[in-house]
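To keep things clear, I will list the structure first and then write my remarks on it.
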Amino acid sequence: MLAARITPKVVAYGLAAELALLVGLYLPAAFGWSSRFRLTEAIVMTIAGVLAFGFALVLSLEVAAEYRQAPWARLAWLLLAANAGLSLVKRGVGSPLFDFVREGYRTGPLRGLLDNLLVVPANLCLLAGLLAMWWGFHRIGLGFRVERRDRAAMALIAALFLTLLLYRENLSQGQSPYVLSRMLQPLGLALLGVISAFGLVLHRYAVQMGDGQLARVMRWLMFYVLLRGVLVFSRGLLSPQLPLLLDSSSDLDEWALDLLWQVVHWALAMATAYRAQLTVSAAAQLKQLRATKAEIVPV
Amino acid sequence: MKHGISEQEWNDYLDGRATAAVSYRIEAHLIGCLECWEFYERLSCATQQLLAACEEARQGLTLEDRQLHAMLRGVFSRLRTEGSAGTMHPQVQGQLHMLHSVLAPFCGTQAAARALQTAAKNSPARSLEQVTLDNWEPFLEKLKAIAAAMCGDTFANLIWERGQLQGSN
Numbered sequence: 001m002l003a004a005r006i007t008p009k010v011v012a013y014g015l016a017a018e019l020a021l022l023v024g025l026y027l028p029a030a031f032g033w034s035s036r037f038r039l040t041e042a043i044v045m046t047i048a049g050v051l052a053f054g055f056a057l058v059l060s061l062e063v064a065a066e067y068r069q070a071p072w073a074r075l076a077w078l079l080l081a082a083n084a085g086l087s088l089v090k091r092g093v094g095s096p097l098f099d100f101v102r103e104g105y106r107t108g109p110l111r112g113l114l115d116n117l118l119v120v121p122a123n124l125c126l127l128a129g130l131l132a133m134w135w136g137f138h139r140i141g142l143g144f145r146v147e148r149r150d151r152a153a154m155a156l157i158a159a160l161f162l163t164l165l166l167y168r169e170n171l172s173q174g175q176s177p178y179v180l181s182r183m184l185q186p187l188g189l190a191l192l193g194v195i196s197a198f199g200l201v202l203h204r205y206a207v208q209m210g211d212g213q214l215a216r217v218m219r220w221l222m223f224y225v226l227l228r229g230v231l232v233f234s235r236g237l238l239s240p241q242l243p244l245l246l247d248s249s250s251d252l253d254e255w256a257l258d259l260l261w262q263v264v265h266w267a268l269a270m271a272t273a274y275r276a277q278l279t280v281s282a283a284a285q286l287k288q289l290r291a292t293k294a295e296i297v298p299v
Numbered sequence: 300m301k302h303g304i305s306e307q308e309w310n311d312y313l314d315g316r317a318t319a320a321v322s323y324r325i326e327a328h329l330i331g332c333l334e335c336w337e338f339y340e341r342l343s344c345a346t347q348q349l350l351a352a353c354e355e356a357r358q359g360l361t362l363e364d365r366q367l368h369a370m371l372r373g374v375f376s377r378l379r380t381e382g383s384a385g386t387m388h389p390q391v392q393g394q395l396h397m398l399h400s401v402l403a404p405f406c407g408t409q410a411a412a413r414a415l416q417t418a419a420k421n422s423p424a425r426s427l428e429q430v431t432l433d434n435w436e437p438f439l440e441k442l443k444a445i446a447a448a449m450c451g452d453t454f455a456n457l458i459w460e461r462g463q464l465q466g467s468n
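As they're listed, the protein sequences go chains A and B. Here this note's numbering is used: the first residue of the first sequence is 1, the next is one more, and so on. Here this note's numbering is used: the first residue of the second sequence is 300, the next is one more, and so on.
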């Protein structure tokens, strides 16, 4: 069982190591002691991204296998696994490493097309997974409710994304030679807006659950979902002169944005690791209980 | 007692519940005693006014079926709770407490309490206070299903095995 090895602590170490490496690589250039180690940064980001989504993928599949009696929860985790898988491939094709093979690849139309071909299904899987998870909890009938203020906040988030889409005419793929790319990008952004709004449902459920490992999983999922939305939205607001969703790591702002995107990758891995750890803890307690029973009543 | 007529006899006479002998005695006395006649008239008038006021109050305070139902439900609910609180089997109480302590670190304190209540509500017990040794098994089955939907099969098995009563299989 991989869940026993890929613990939240391992994921946290992975995140911390990547951030430390990236900061360590950036600071000498920031102080003017050396030029940017762009290739090394690209290698670190690519490996870490693939590793984080890889962890999320295998752990999500293990968690899904745990829900043999709960089809909605099983479906939810399978869809989250699909999201992780697609995000892993996207991380691969969007790697800054390709810039060293083909000049201008990251900002080119081909990468934009590949990106959007993966982002839309990944976002669809994520949204469907969250909906399945919500419906699964709702069907149990524990009385978890989304309050009126949550609905208002959800509507506000969705409206903000809609406004961003309507008033930002220069999406990065707006001038792409690929029609599919031009069509998929706004769709992917709209889905991201809906998903970000849905993040509040996860927050409300986590609050209503109280403490506990499951609430922690919900909070990390919410963090994963909301941080993506916040990054795209803040990019749109803070750098209005730049086309939305275009990668460029030329200055501190963009470097910080890249760093935060790396945190996003690890957030999903952290959510799945906490959920998988729940099963590991339950299995350990069950094993201990059976051992105690066997001692009391020798077979 | 005044003029040989007690207060009780006056009351019975005014309410129409006095015996024939008492009624005859009072009426015979009233013909010749002005003081008692005035006393009778005052009391009779006051009684009529009280009856009219009662009727008016009854008309004004009529409860709708819905209100009556809500009040009765509250009364029965309190009666059931009070009646059962002291009678819950100690083993059941202990098991419920233990199950809550197993559920809480995984699902959260509030979710654990809700899971126990929901399992009881959907089982023959109908409420957590009504869970007994006799309906423990179906209650535990419901709780296992909830645990499986929330945290998966391993956790559901843990709940099932921890929830087994001593002496059962």
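Think of the CB as a built atom: it goes at the ideal place given N, C-alpha and C, for glycine as much as any other residue.
Output yes if chain B places a C-beta closer than 8 Å to the C-beta of A292(A); else output no.
-> What sits at residue 292(A) in the sequence shown is Thr, not Ala. It does not: the Cβ of T292(A) has no partner Cβ on chain B nearer than 8 Å.
Can we count A215(A) as close to the ligand ZN, meaning its CB is less than 7 Å from some heavy atom?
-> As far as ligands go, the structure on display features none, and thus does not contain the ligand ZN.
Residues of the segment 211 to 232 of chain A with a CB closer than 7 Å to any CB of chain B: list them in chain order, please.
-> D211, G212, Q213, L214, A215
Cα-Cα separation, A65(A) to M270(A) | 18 Å
What is the rounded straight-line gap between the Cα of A20(A) and the Cα of Y26(A)?
-> 10 Å
Work out the CA separation of L142(A) and V430(B) for me, nearest whole Å.
-> 18 Å
DSSP three-state call for I445(B): helix, strand or coil?
-> helix
To the nearest angstrom, report how far apart L110(A) and P437(B) are at their CA atoms.
-> 60 Å
Considering only C-alpha positions, which residue in the set V93(A), V119(A), T279(A), K293(A) is nearest to L2(A)?
-> T279(A)
For the segment 356 to 376 of chain B, enumerate the residues whose C-beta is nearer than 8 Å to any C-beta of chain A, in chain order.
-> none
Can you give the beta carbon distance from L160(A) to F233(A), rounded, assuming they're within the 8 Å contact cut?
-> 7 Å
Is I140(A) close to chain B, meaning its C-beta is less than 8 Å from at least one C-beta of that chain?
-> yes
Are F144(A) and Y205(A) touching if we call contact CB-CB under 8 Å?
-> yes
Three-way DSSP call (helix, strand, coil) for I458(B) in this model | helix
Smallest Cα separation from A327(B): which of Q307(B), A345(B), H302(B), Q348(B)?
-> H302(B)
Spatial neighbours of G32(A) within its chain, please: CB distance less than 6 Å, with the 5 preceding and 5 following residues excluded, ordered by chain position.
-> none
Output the residue ranges of the alpha helix (DSSP H) runs that lie fully inside the segment 53 to 99 of chain A and measure 4 residues or longer, sorted by chain position.
-> 71 to 93
Looking at the C-beta of A70(A), does it have a partner C-beta in chain B at a distance below 8 Å?
-> yes
Segment contact flag, the segment 83 to 97 of chain A with the segment 123 to 135 of chain A, C-beta cutoff 8 Å, min 3 pairs | yes
In angstroms, rounded to a whole number, what distance separates the CA positions of T346(B) and E363(B)?
-> 29 Å
So which residues on chain A does Q273(B) lean against when the C-beta distance must stay under 8 Å?
-> Beyond the ends of chain B as shown, which are 300 and 468, falls residue 273(B); an answer cannot be given.
Examine the Cβ distances between the segment 413 to 433 of chain B and the segment 47 to 55 of chain A and report whether three or more of them are shorter than 8 Å.
-> no
Contacts of N434(B) in chain A (Cβ-Cβ under 7 Å) = Simply none; closest approach about 19 Å.
Candidates N116(A), I140(A), G236(A), of which the one nearest K420(B) by Cα = I140(A)
Since I believe M154(A) is in contact with L200(A) (beta carbons under 8 Å), could you give me their beta-carbon distance rounded to a whole number of angstroms?
-> 5 Å
Amino acids of chain B, ordered along the chain, whose beta-carbon sits closer than 7 Å to that of E66(A) | G451, D452, T453
May I have the straight-line CA-CA distance separating A73(A) from V63(A), to the nearest angstrom?
-> 9 Å
Any chance the segment 393 to 411 of chain B sits against the segment 450 to 458 of chain B, with 3 or more Cβ pairs inside 8 Å?
-> yes
With 8 Å set as the bound, which would you pick, yes or no: does the beta-carbon of A132(A) sit closer than that to a beta-carbon of chain B?
-> no
Would you kindly report the start and end of the unbroken alpha helix (DSSP H) that includes L142(A)?
-> Here L142(A) belongs to no alpha helix (DSSP H), and DSSP marks it neither H nor E.
Sequence-distant residues of its chain with Cβ nearer than 6 Å to S248(A) (five each side left out) = The pLDDT assigned to S248(A) is 48, lower than 50, so where the model puts this residue is not dependable; a value taken from the coordinates is nonetheless given after this. Contacts found: E254.
Between the segment 278 to 291 of chain A and chain B, which residues of the former have a C-beta closer than 8 Å to a C-beta of the latter?
-> L278, T279, S281, A282, A283, Q285, L286, L289, R290
If you follow the alpha helix (DSSP H) that E147(A) is part of, which residue opens it and which one closes it?
-> That residue, E147(A), is in no alpha helix (DSSP H); it is neither H nor E in DSSP.
When the cut-off is 8 Å and only beta carbons count, does L349(B) lie next to chain A?
-> no
Euclidean distance between Cα positions of E295(A) and L61(A) = 35 Å
Endpoints, the alpha helix (DSSP H) within which T417(B) is located = 408 to 420
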